[in-house]
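Written below as structure tokens is the structure these notes are about.
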Amino acid sequence: MGKDEEVLVQMQRAQHAHEEKLFRMMMQSIASLASTMASAQHSPGTPEALVQESVSAKYEGPSVKEELRVLQQKLRDFEEVKQTCDKSAEHIKIQAKNTERQIKEEFENLHQFLQDEESARIAALREEEEEKSQMMKEKIEELDREMSSLSDTIREIEKEMETEAVPSLEKHKAALKKTQYPLRDPEMVSGSLINVAKHLGNLKFRVWEKMQEIVQYSPVILDPNTAHGDLVLSDDLSGVRNSSEKQQLPDNPERCRPHLGAEGFDSGSHCWDAEIGEEKPDLSECGFENLS
11 MGKDEEVLVQ MQRAQHAHEE KLFRMMMQSI ASLASTMASA QHSPGTPEAL
61 VQESVSAKYE GPSVKEELRV LQQKLRDFEE VKQTCDKSAE HIKIQAKNTE
111 RQIKEEFENL HQFLQDEESA RIAALREEEE EKSQMMKEKI EELDREMSSL
161 SDTIREIEKE METEAVPSLE KHKAALKKTQ YPLRDPEMVS GSLINVAKHL
211 GNLKFRVWEK MQEIVQYSPV ILDPNTAHGD LVLSDDLSGV RNSSEKQQLP
261 DNPERCRPHL GAEGFDSGSH CWDAEIGEEK PDLSECGFEN LS
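Just so you know, we're using the working numbering here: the sequence shown kicks off at 11 and counts up by one.
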């Protein structure tokens with residue numbers, strides 16, 4: 011059952027109860043009148059006087075007109091509450107639409123930040139890959155040159171050894187000198203691999219740390235459901251300003267002239283800065299009234 015139907019049911023019940031009350035009062039009056047008329051013939055005085063006396067005694071309490079005015083006022087009260095409920099129902103739709111839009115905008119900003127951060131980190135990985143690949147390419151080329159030179163020396167010595175069964179002393183010394191050609195031992199280049207730990211270590215934490223540059227925490231946020239029509243809240247609910255036009259807002263029970271914080275303080279000392287601009291209006295106009 012909707013709120014409108016509940017209001018109508020309550021109104022119907024109140025009207026039905028009052029009709030029953032009036033009906034009982036009328037039946038009692040008729041019974042009393044009949045009894046008075048029956049006894050009038052045996053009593054002194056005129057029957058009309060006895061009837062008037064009985065009726066006047068019966069209605070010493072509130073008159074029917076007064077009861078009717080009470081019911082009419084009650085009906086007007088119900089109508090006012092129903093109008094407020096109708097206005098609240100429309101305002102709920104507007105609130106949901108605007109809140110959804112702001113949520114999407116906030117997450118779009120977060121998504122854009124994450125995409126930019128992802129692109130930057132992948133670009134850094136590609137740059138390191140290119141540097142390390144170039145380093146390894148140069149090392150491989152250097153090893154190829156060393157291996158080629160060494161292979162030529164080996165072939166030359168082997169060829170000389172094959173041509174002469176008994177080599178002369180001079181050639182023997184020359185061949186021995188070639189075998190003792192100073193060559194450094196081959197070795198792997200240190201730091202030639204991708205620094206995976208640098209790219210993946212605590213990645214989420216480091217991204218979260220950087221994300222703090224674009225987010226801001228407000229210890230006190232304002233409740234828009236308490237906003238007076240002359241005041242407008244910022245999108246992040248941390249600031250308030252005067253509106254040039256009064257907003258059409260439902261008169262819900264929480265609404266008041268100043269803004270109330272969404273969270274309260276039970277104890278301790280708390281302070282914050284209020285930026286009021288160059289006009290320096292009264293703090294109560296900004297919704298910070300009665301704060302300590």
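Glycine included, every Cβ here is placed at the ideal spot set by N, Cα and C.
None of these values were measured; they are calculated from a predicted model.
Strand pairing of residue i, partner residues [DSSP]
i    : result
V250 : L243
Residue environment, residue i, which counts as buried when at least 16 other CB atoms sit within 10 Å
i    : result
V250 : buried
L232 : buried
L241 : buried
Residue range of the unbroken alpha helix (DSSP H) whose run includes residue i
i    : result
H121 : 74-173
E219 : 213-221
H238 : Where H238 is concerned, there is no enclosing alpha helix (DSSP H), given that its DSSP letter is neither H nor E.
L259 : Unbroken run through L259: none, as it is neither H nor E.
V206 : 206-210
Same chain, Cβ closer than 6 Å to residue i, five either side skipped, listed in chain order
i    : result
C266 : T236
L160 : none
K214 : none
V80  : none
V217 : E127
Residues of its chain near residue i, where Cβ-Cβ distance is below 8 Å and the 5 sequence neighbours each way are ignored
i    : result
H101 : L259, P260
T173 : none
S228 : D246, L247, S248
Within 8 Å, do at least three Cβ pairs link the stretch 204-212 to the stretch 130-139?
Segment contact: the stretch 130-139 against the stretch 204-212, three or more CB-CB distances shorter than 8 Å; contact assigned.
Contact between the stretch 256-265 and the stretch 151-159 is defined here as three or more beta-carbon pairs at a separation below 8 Å; is this criterion met?
In short, these stretches do not touch, since the Cβ pair count stays below three.
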